[in-house]
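Structure record follows, encoded as structure tokens.
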Amino acid sequence: MMEPAVCGEPTEPAAPPPLLAQLRAWLAAWLTDERTARELVDYGRVGHYTLALTRWVAIIGQLFTVLFVHFSIGIALPLVPLLAAIAASALVNLVLLWVLGWRARLSERAAAGMFVFDLAQLALLLGLTGGIQNPFVVLLLVPVGIAAGLLGRTFTATVTALGLLVASLLAADPLPLPWFTGGLVFPELYRFAAWAALSTAILLIAVYTYQFAEEARHRAEALAATRLALAREQELAALGGQAAAAAHMLGSPLGTIAVVAKELVNALPADHPLREEANEILDQVHRCREILKTLGPRRAGSEVDRLVRAPLSATLRDIADEFGRAGISTEVRVDSPDGTPEPCLALPPDIRHAIANLVDNAIQFATSRVDILVSSSHERLLVAIRDDGPGFSPDILDWIGEPYLSTRHDRGGLGLGIFIANTLLARTGGKLHFGNTGRGAEVRIEWPAGALERAVEEREHDGGHD
293 MMEPAVCGEP TEPAAPPPLL AQLRAWLAAW LTDERTAREL VDYGRVGHYT
343 LALTRWVAII GQLFTVLFVH FSIGIALPLV PLLAAIAASA LVNLVLLWVL
393 GWRARLSERA AAGMFVFDLA QLALLLGLTG GIQNPFVVLL LVPVGIAAGL
443 LGRTFTATVT ALGLLVASLL AADPLPLPWF TGGLVFPELY RFAAWAALST
493 AILLIAVYTY QFAEEARHRA EALAATRLAL AREQELAALG GQAAAAAHML
543 GSPLGTIAVV AKELVNALPA DHPLREEANE ILDQVHRCRE ILKTLGPRRA
593 GSEVDRLVRA PLSATLRDIA DEFGRAGIST EVRVDSPDGT PEPCLALPPD
643 IRHAIANLVD NAIQFATSRV DILVSSSHER LLVAIRDDGP GFSPDILDWI
693 GEPYLSTRHD RGGLGLGIFI ANTLLARTGG KLHFGNTGRG AEVRIEWPAG
743 ALERAVEERE HDGGHD
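In terms of the numbering used here, the sequence shown has 332 at position 40, counting the first letter as 1, and numbering is strictly consecutive.
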């Protein structure tokens, strides 16, 4: 029995792990390495458990079909190579379970490799039993369809191309289809038609499945991003509630200090050296009370509200200055066709954030200038943001505002900023319109007359209720 090591004494180096354990660790790292590819969790949250279970179902189905056709129906099949191919699939599944377990999340590369193996194994089974003439050739659609729903564009294209290659090889010079009389060879025209139908099905299923899955993923992620933006807004509201509660709780001790300080002022003679300090304490208490009023719930029209209210054009000017970029000039203009004054209000954080997204987008794309127009009338309120950049591509004008539709992929844009802005502005009654002016892009935000003011006032009244 080995004696425990004493502190300060040299210890024997740990023995290296067995070769089998090293191999297992290396395979696990290769199959789940996040640095080599996007994880499968990003494509529908499917892990190794689902794929392994699907393969076991396929293995059982293949084994049952081969044995049933050979022994029950009486059609002679090449059992040895067929059973060897099925056993190889089972062995691969067992090895993956040994390496990864059931709960592992595969890298996209590893998942694509599993689909490639499935296609190769199916190609061997079908090649030994008639090729394109075998009615079970439609099973080639299964790995292609699943891959299109789970993988990204590059690996989906790879698996689809391999599926088309397998279909072509199975149609090129197939072995006879096993039959009671020995073997059947279908006419060449039939084999060509079967190949054309199968190839078309592979392409259509891959394209449509990928498009639908990609749209569903983008919708889900965009919804999550919108929920995150709204959650941040709720956190700000909760923080305001905590500040109001703190202001209320501090009111009592400040009141006590004010009473004591006032009594000291009244009790001390005018020439007493402490009277001036008592007056200073009383002044500071009054100042603290004024500060706490700004943290408490606000009513529309309150003194604090009037302090933070500003003309909409001034708020837009502040936003433009905040997101300004060297070499880009910004100008904010006010227009009132019928003399209606622009609104003077305090924009809530989420609405300001939505408008700031649009202004920032214009500044990022502008060549030298961004113009912001505020136009108010008795019918509507308009904010137009124009830049002198390349403008919007005509191909995407009708789709701008959809999640993950961006004109600046080279700059890392995902289109979520406009999507979130559209969602937040719609809650105030605003509508976004996108277009080109001939010398750049234009984004127009339109509200019915008074809609933005009413939305802001509702927020203020809701925040003012205890």
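Note that CB positions come from ideal geometry on N, CA and C, so glycine has one too.
Check, Outcome
"Simplified DSSP state of Leu461, which is helix, strand or coil", "helix"
"Alpha-carbon to alpha-carbon, Leu383 and Gln354", "15 Å"
"For His340 and Leu411, believed in contact at Cβ under 8 Å, the rounded distance", "Incorrect: roughly 19 Å between the Cβ atoms, too far for contact."
"Sequence-distant residues of its chain with Cβ nearer than 8 Å to Leu456 (five each side left out)", "Ser491, Ile494 and Leu495"
"Range of the contiguous alpha helix (DSSP H) that encloses Thr357", "His340 to Leu359"
"Three-state class that DSSP yields for Asn714 in the structure shown", "helix"
"Spatial distance of Asp687 from His725 (CA atoms)", "15 Å"
"Chain-order list of residues whose beta-carbon lies under 6 Å from that of Phe447 (same chain, five-residue window excluded)", "Glu400 and Ala404"
"Nearest-angstrom Cα separation, counted from Ala538 out to Ser765", "Residue coverage of the chain in this structure runs from 293 to 758, which leaves residue 765 outside it and unanswerable."
"Bridge partners - Ile613, DSSP secondary structure assignment", "The amino acid at residue 613 is misidentified as Ile; the sequence shows Asp. Bridge partners of Asp613: none, in fact."
"C-alpha gap between Arg509 and Arg579, whole angstroms", "54 Å"
"Of the residues Ala618, Ala638, Arg567 and Ala612, the one placed nearest Ala602, counting alpha carbons only", "Ala638"
"For Leu673: DSSP bridge partner residues", "Ser668 and Trp739"
"Exposure label - Tyr502; buried when at least 16 CB within 10 Å", "buried"
"Residues near Gln413 in its chain [Cβ-Cβ closer than 6 Å; skip 5 each side]", "Ala377 and Ser381"
"Alpha-carbon to alpha-carbon, Gly727 and Ser669", "22 Å"
"Pairwise C-alpha distance: Gly474 and Pro435", "31 Å"
"Top-ranked residue by Cα proximity to Ala396, from Ser667, Ala553, Ala344 and Arg746", "Ala344"
"Alpha-carbon to alpha-carbon, Glu671 and Leu717", "18 Å"
"For His725, the first and last residue of its enclosing beta strand (DSSP E)", "Lys723 to Asn728"
"Three-way DSSP call (helix, strand, coil) for Val477 in this model", "coil"
"Backbone CA spacing between Arg327 and Leu398 [nearest angstrom]", "The pLDDT assigned to Arg327 is 38, lower than 50, so where the model puts this residue is not dependable, and the model offers no usable value."
"Thr450 versus Phe409: straight-line alpha-carbon distance, rounded", "13 Å"
"Per DSSP, the bridge partner or partners of Thr622", "Val662"
"Proximity below 8 Å, CB of Ile497 to CB of Gly437", "yes"
"Buried versus exposed call for Glu259 [16 or more other C-beta atoms within 10 Å across all chains shown]", "This structure does not reach residue 259, given that the chain is present from 293 up to 758, and the question cannot be answered."
"Exposure label - Ile611; buried when at least 16 CB within 10 Å", "buried"
"Per-residue DSSP class, three states only, for Ala627", "Checking the displayed sequence, the identity of residue 627 turns out to be Asp instead of Ala. The answer is strand: DSSP assigns Asp627 an E or B state."
"Nearest-angstrom Cα separation, counted from Ala512 out to Ala459", "35 Å"
"Contact between the segment 549 to 562 and the segment 570 to 579 (3+ Cβ pairs under 8 Å)", "yes"
"Given Gln425 as reference, the closest of Ala741, Ser660, Pro479 and Arg644 once Cα atoms are compared", "Pro479"
"C-beta atoms of Val651 and Phe615 nearer than 8 Å", "yes"
"Chain-order list of residues whose beta-carbon lies under 7 Å from that of Gly704 (same chain, five-residue window excluded)", "In this prediction, Gly704 scores a pLDDT of 41, lower than 50, which makes its location untrustworthy; the coordinate-derived value is nonetheless stated afterwards. Contacts found: none."
"Cβ-based burial, Thr607 [other Cβ within 10 Å; buried from 16]", "buried"
"Contact belief for Asp663 with Glu623 at Cβ below 8 Å, rounded distance in angstroms", "5 Å"
"Ala488, buried or exposed, once every other Cβ within 10 Å from all chains shown has been counted against 16", "exposed"
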